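Residue numbers (our numbering): 922 to 1076. In what follows, a structure is listed as structure tokens, so that the remarks can point back to it.
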Amino acid sequence: MNKKLFIAIFIAVAVVLGVSINNIALSNTTTTMKVGVVDLSQLITNSASVKALKNTHERQLSEIEKTLEQARVEISNETNPEKIAQLEEKYRKDVSDKKFQMDKSYNDKLLELDKSIKAQVAQKAKELNYTIVLPKNLVLYGGEDITAKLAKDIK
């Protein structure tokens, strides 16, 4: 019986000491979190690199439109039905291939720019000593909006 009482007291003391040590450790931590929020869509939209990419994309689209206009003129001048079918197929394939390659290139470059902008955001947030930065559209309340601070440095 003494042995059981001794074990019970030993366990109780161990639990009390463990809880006390844990409370002391937690009470001495003065970690403050600096939370920032950023409007990524605004940073991406206003990025000079993204604007240049969009301008290039629009120029390429206008070139495709010129090709289509040229095809219309050439097909309207043709009288042979077989030749018309061949021209339509030729231009359809040409325009389709150009459009596919253009869209693929545009999307790839846009993904690269997106990754680059996010990396720049992370780097600048570290420089400004933010513990965590969240997208603005996911935060209902709280956090400091650092979009304007970051917009100056995003390329």
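Quick reminder that beta carbons are idealized off the backbone N, C-alpha and C, glycines included. As the structure is a prediction and not an experimental result, all values here were calculated from the model.
Own chain, CB closer than 6 Å to residue i, minus 5 neighbours either side, in chain order
| i | result |
| --- | --- |
| residue 1035 | none |
| residue 992 | 1012 |
| residue 981 | 1023 |
Secondary structure of residue i, DSSP reduced to three states
| i | result |
| --- | --- |
| residue 1009 | helix |
| residue 1053 | strand |
| residue 999 | coil |
| residue 960 | coil |
Pair within 8 Å by beta-carbon distance, residue i and residue j
| i | j | result |
| --- | --- | --- |
| residue 999 | residue 989 | no |
| residue 1061 | residue 1027 | no |
| residue 957 | residue 1065 | yes |
Cβ neighbours of residue i in the same chain (closer than 8 Å, five flanking residues each side left out)
| i | result |
| --- | --- |
| residue 965 | 971, 1034, 1035, 1038 |
| residue 954 | 1052, 1053 |
| residue 963 | 1068, 1072 |
| residue 978 | 1023, 1027 |
Start and end residues, alpha helix (DSSP H) containing residue i
| i | result |
| --- | --- |
| residue 968 | Where residue 968 is concerned, there is no enclosing alpha helix (DSSP H), given that its DSSP letter is neither H nor E. |
| residue 1073 | Element bounds for residue 1073: n/a, residue is neither H nor E. |
Whole-angstrom distance between residue j and residue i, CA atom to CA atom
| i | j | result |
| --- | --- | --- |
| residue 1030 | residue 1023 | 11 Å |
| residue 1045 | residue 994 | 54 Å |
| residue 1003 | residue 1017 | 21 Å |
| residue 1006 | residue 1014 | 12 Å |
| residue 1057 | residue 1074 | 18 Å |
| residue 1001 | residue 1025 | 36 Å |
| residue 967 | residue 1055 | 19 Å |
| residue 1063 | residue 960 | 14 Å |
| residue 930 | residue 1050 | 48 Å |
Contacting residues, own chain, Cβ-Cβ under 7 Å from residue i (five flanking each side not counted)
| i | result |
| --- | --- |
| residue 985 | 1016, 1019, 1020 |
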